[in-house]
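Visitor: 29 is the number that this note's numbering gives to position 30 of the sequence shown; each next residue is one higher, with no gaps. A virtual CB, placed ideally from N, CA and C, is assigned to each residue, including glycine. For clarity, every value in this text was computed on a predicted model and none was experimentally measured.
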Amino acid sequence: MVLSDLQQGEKARIQDFSNVSELVKRRLIDMGINEGVEIHFKNKMPFGGPCMIEISGQYVGIRHQEAALIRVEKA
Numbered sequence: 000m001v002l003s004d005l006q007q008g009e010k011a012r013i014q015d016f017s018n019v020s021e022l023v024k025r026r027l028i029d030m031g032i033n034e035g036v037e038i039h040f041k042n043k044m045p046f047g048g049p050c051m052i053e054i055s056g057q058y059v060g061i062r063h064q065e066a067a068l069i070r071v072e073k074a
C-alpha cells in the first residue's frame with residue numbers, strides 16, 4: 000500500500016521511500032519522516048493536490064506524485 004491510498008483519519012508506518020528522488024528523500028528525513036515512523040493521514044486535496052499528514056504534532060503536505068511512491072503499512 001502507498002501513502003496516497005490511505006483514507007482520512009488512518010494511521011500508518013512508513014515502510015520504504017527509496018523510489019523518491021534523493022532531493023525529496025532528504026527533505027522528508029529533515030522533516031522527521033523516515034522508515035518506521037508512524038504518521039496520521041489527515042486529508043487528501045482534490046484534483047491530485049497534496050496529501051496532508053501529521054507527524055509528531057506537525058502537519059506536512061506531500062505532493063500526490065511523491066505520496067504514490069512512499070510505501071506504508073497500516074498501524
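1) Find the nearest neighbour of Leu68 within the set Val19, Lys10, Lys24, judged by alpha-carbon distance.
2) Can you check whether the CB of Leu5 is closer than 8 Å to the CB of Phe16?
3) Where does the unbroken beta strand (DSSP E) through Ile28 begin, and where does it stop?
4) Report the three-state DSSP secondary structure of Glu34 (helix, strand or coil).
5) What are the boundary residues of the beta strand (DSSP E) that Ala74 is part of?
Guide: From the atom records:
1) Val19
2) no
3) Looking at the DSSP string, Ile28 is not in any beta strand (DSSP E); the run it does join, the alpha helix (DSSP H), is 21-29.
4) coil
5) Segment: none, Ala74 is in no beta strand (DSSP E) and carries neither H nor E.
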